[in-house]
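> Please find one structure pasted underneath; my questions will follow.
Numbering (the UniProt record's numbering), first residue to last: 1 to 495.
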């Protein structure tokens, strides 16, 4: 398709056409994707009912605190409306801002790969040549669909956003039906009680290990909670951003928790572990018969394609904004006559294609891509929460703002917002620890080469490339990438 380079409107000139409902739809559309359909097997593989409840409480509180952080920053720093990477840049400099932007973008791309893998696995239940979504045929079909979506998005963000709202409604129907019918028809309290510890011996150490094993899964299914802030320039009103993010999050949290608990009440943990993905289809098929499997599989395809669309929009937007903020090369700011950042979109589709090929060499493609996606998102989330603490701390004043009351410092965050920011920092640090060294090293393997884009951007604008502190970060990144290569060669790091 022919493209035409032109200037893109700034955020101050944004369309401002999306209502709070449409923004909430973007949040829900971003989060309700491949993750929810794989939850029964993923949770049963490492946790029982008790650990699952604790995990959702921990993830719910931690992610809700991140939601409040996004809401507070959107209100107090409306000038930083380029997405979550803008906070890292404002607080910690250009290079860490680039790290945050590139990590968020790469996380979205890897997350999109999981969608194609899961669709391939779904087809594999009918056509064995698709396997678990990681065979040559599966990758070829996924590649064709990938570039078909690429051409669709090139026709304009607004049309794609409208389609996403429609898809969001359509895909929730089978999920809600699974929860309601599964709870009414499929609940077996004896099975539920047997699943309390997931077949393991009860102990605090075992419980902690089970909770820890689920953390990257919960991160994956919650990715997209910041969706409304990424699309802030399309909001009719600034306050709609926070309302859409909070309402979207709470609804999705309830859905995720109920899906796992209904599954534990329907089948023994060992049976859940043996289901092929999407495991929700297997559970519903056991409860209501073959038609349940078909219904969930259809819902999965709609859900995954809708989430893929939403994440493609957000990821290309982030890469475009990084270039617009002078943290990536200028050529990434090029847009076509529909206002779509076509170069950034092409980079996005290209990286997805690379990881699609990698899945053919992975022992467990879905799990590997899921956990890598989650790990890549941790740095952007951590830096956003840390910036909120930094911003609130340096703006704190003993003299309260006379118009806002004693609980709100002059120009800064309220006490409640500061508490949320601190909890969010602790939560993201815990996630990094729970992820372990393997995926952190793989993240460096992606971050280090990406620095080339940052260097190009700085040089083409005649700006200083690295400060002394940023040079240290570069060295750490390179060393981490080298360690990852050695780990892959020795088997310590696997995909």
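Ideal Cβ placement from N, Cα and C applies to all residues, glycine included.
1. Rounded to whole angstroms, what is the Cα-Cα separation between residue 79 and residue 194?
2. Secondary structure at residue 184, three-state DSSP: helix, strand or coil?
3. Whole-angstrom Cβ separation of residue 197 and residue 48, contact assumed at under 8 Å?
4. Using three-state DSSP, classify residue 335 as helix, strand or coil.
5. Using a Cβ distance threshold of 8 Å, determine whether the stretch 69-76 contacts the stretch 305-320, with at least three qualifying pairs required.
6. Do you know offhand how far residue 144's Cα is from residue 420's?
7. Could you pull out every residue in the same chain whose Cβ sits closer than 7 Å to the Cβ of residue 268, ignoring the five residues on either side in sequence?
8. Starting from the C-beta of residue 56, find all residues in its chain whose C-beta is less than 6 Å away, skip the five residues before and the five after it, and write them out in chain order.
9. Quick one: Cα of residue 189 to Cα of residue 265, how far?
10. If you measure between the beta carbons of residue 334 and residue 460, is that distance less than 8 Å?
11. Tell me where the alpha helix (DSSP H) around residue 353 begins and ends.
12. Need the endpoints of the alpha helix (DSSP H) that residue 105 sits in, please.
13. Along the chain, where does the alpha helix (DSSP H) containing residue 452 start, and where does it finish?
14. Using C-beta distances below 6 Å, list every residue in its chain close to residue 485, excluding the 5 sequence neighbours before and after it, in chain order.
15. Return helix, strand or coil for residue 291, following the three-state DSSP convention.
16. What did DSSP end up calling residue 237 once you bin it into helix, strand or coil?
17. Can you find at least 3 beta carbon pairs, one from the stretch 134-151 and one from the stretch 347-362, that sit closer than 8 Å?
18. Please name the residue in 296, 332, 259 and 54 whose C-alpha comes closest to that of residue 125.
19. From residue 104 to residue 377, what distance separates their C-alpha atoms?
20. Whole-angstrom Cβ separation of residue 214 and residue 43, contact assumed at under 8 Å?
21. Counting pairs of Cβ atoms below 8 Å between the stretch 242-251 and the stretch 83-96, do you hit three or more?
22. Mind checking which residues open and close the alpha helix (DSSP H) that includes residue 142?
23. I'd like to check one pair, residue 327 with residue 101: are the Cβ atoms closer than 8 Å?
24. Kindly indicate which three-state DSSP category residue 367 falls into: helix, strand or coil?
25. Please identify the residue among 53, 384 and 422 whose C-alpha is closest to the C-alpha of residue 208.
26. Would you give the residue range spanned by the alpha helix (DSSP H) that residue 207 belongs to?
27. Excluding the five sequence neighbours on either side, which residues of its own chain have a C-beta within less than 7 Å of the C-beta of residue 450, listed in chain order?
28. Alpha helix (DSSP H) containing residue 193: first to last residue?
29. Hey, would you say residue 386 sits closer than 8 Å to residue 423, going by beta carbons?
30. Rounded C-beta distance between residue 220 and residue 370? I'm assuming under 8 Å.
31. Near residue 273, what residues of its chain come up, given a Cβ to Cβ distance below 7 Å and the 5 sequence neighbours on each side ignored?
32. Quick one: what does DSSP say residue 91 is sitting in, helix, strand or coil?
33. Excluding the 5 residues preceding and the 5 following residue 298 in the sequence, name in chain order all residues of the same chain whose CB lies nearer than 8 Å to its CB.
34. To the nearest angstrom, how far is the alpha carbon of residue 305 from that of residue 136?
35. What first and last residue would you give for the alpha helix (DSSP H) that runs through residue 468?
Working from what's here:
1. Start at 1 with the first residue of the chain shown, and residue 79 comes out as number 79. Start at 1 with the first residue of the chain shown, and residue 194 comes out as number 194. One C-alpha to the other measures close to 53 Å.
2. Position 184 of the chain shown holds residue 184. Looking at residue 184 - three-state DSSP - the assignment turns out to be helix.
3. Here residue 197 refers to the residue found at position 197 of the chain shown. Here residue 48 refers to the residue found at position 48 of the chain shown. Sure, about 4 Å apart at Cβ, within 8 Å.
4. Numbered from its first residue, the chain shown carries residue 335 at position 335. Three-state result, residue 335: strand.
5. no
6. In the chain shown, counting from the first residue as 1, residue 144 sits at position 144. In the chain shown, counting from the first residue as 1, residue 420 sits at position 420. Spanning the two alpha carbons is a distance of roughly 44 Å.
7. Locating residue 268 in the chain shown gives position 268, counting from the first residue. So the qualifying residues of the chain are 191, 194 and 195.
8. Residue mapping note: residue 56 aligns to position 56 of the chain shown, counting from 1. Here the set comprises 257.
9. Translated into positions along the chain shown, residue 189 becomes position 189. Translated into positions along the chain shown, residue 265 becomes position 265. Those two C-alpha atoms are separated by around 6 Å.
10. By one-based count along the chain shown, residue 334 stands at place 334. By one-based count along the chain shown, residue 460 stands at place 460. Against a cut-off of 8 Å, the Cβ pair of residue 460 and residue 334 comes out as no contact.
11. The sequence position of residue 353 within the chain shown is 353, counting from 1. Counting along the chain, the alpha helix (DSSP H) containing residue 353 begins and ends at 342-359.
12. Translated into the one-based positions of the chain shown, residue 105 becomes position 105. 94-124 is the extent of the alpha helix (DSSP H) around residue 105.
13. For the purposes of this step, residue 452 is taken as residue 452 along the chain shown, with counting starting at 1. Element bounds for residue 452: 437-460.
14. Start at 1 with the first residue of the chain shown, and residue 485 comes out as number 485. The answer is none, since no qualifying residue turns up.
15. Translated into positions along the chain shown, residue 291 becomes position 291. It is helical.
16. Residue 237 sits at position 237 when you count from the first residue of the chain shown. In the three-state reduction of the DSSP assignment, residue 237 falls in the coil class.
17. Taking 8 Å as the limit for Cβ pairs, the verdict is that the stretch 347-362 does touch the stretch 134-151.
18. For this step, residue 125 is matched to residue 125 along the chain shown. Closest by alpha carbon: 296.
19. Residue numbering aside, residue 104 sits at position 104 when the chain shown is read from its first letter. Residue numbering aside, residue 377 sits at position 377 when the chain shown is read from its first letter. Approximately 5 Å between the Cα atoms of the pair.
20. Counting from 1 along the chain shown, the entry for residue 214 is found at position 214. Counting from 1 along the chain shown, the entry for residue 43 is found at position 43. The Cβ separation is near 6 Å, so the contact holds.
21. Contact annotation: the stretch 242-251 does not touch the stretch 83-96, with fewer than three C-beta pairs closer than 8 Å.
22. As a first step, residue 142 is located in the chain shown; it is residue number 142 there, counting from the start. Where residue 142 is concerned, the enclosing alpha helix (DSSP H) stretches over 136-153.
23. Within the chain shown, the letter at position 101 stands for residue 101. Within the chain shown, the letter at position 327 stands for residue 327. It is a contact, given that the beta carbons lie within the stated cut-off.
24. Counting from 1 along the chain shown, the entry for residue 367 is found at position 367. Looking at residue 367 - three-state DSSP - the assignment turns out to be helix.
25. In the chain shown, residue 208 corresponds to position 208, counting from 1. Looking at the Cα atoms, 53 is the closest of the given residues.
26. For the purposes of this step, residue 207 is taken as residue 207 along the chain shown, with counting starting at 1. 204-222 is the extent of the alpha helix (DSSP H) around residue 207.
27. Stepping through the chain shown from its first residue, residue 450 is reached at position 450. Counting only Cβ-Cβ distances below 7 Å, and skipping sequence neighbours, we find 102.
28. By one-based count along the chain shown, residue 193 stands at place 193. Where residue 193 is concerned, the enclosing alpha helix (DSSP H) stretches over 189-194.
29. By one-based count along the chain shown, residue 386 stands at place 386. By one-based count along the chain shown, residue 423 stands at place 423. No.
30. In the chain shown, counting from the first residue as 1, residue 220 sits at position 220. In the chain shown, counting from the first residue as 1, residue 370 sits at position 370. At roughly 5 Å, the Cβ-Cβ gap stays under 8 Å, so residue 220 and residue 370 are in contact.
31. To locate residue 273, count along the chain shown from 1; it is residue 273. The residues are 41, 44 and 45.
32. What you label residue 91 is simply residue 91 of the chain shown in a count that begins at 1. If DSSP states are grouped into helix, strand and coil, residue 91 belongs with the helices.
33. The residue labelled residue 298 in the question sits at position 298 within the chain shown. Closer than 8 Å at Cβ, skipping near neighbours: 174.
34. The sequence position of residue 305 within the chain shown is 305, counting from 1. The sequence position of residue 136 within the chain shown is 136, counting from 1. Cα to Cα, the separation comes out at about 21 Å.
35. Locating residue 468 in the chain shown gives position 468, where the first residue counts as 1. Note, residue 468: alpha helix (DSSP H), 468-490.
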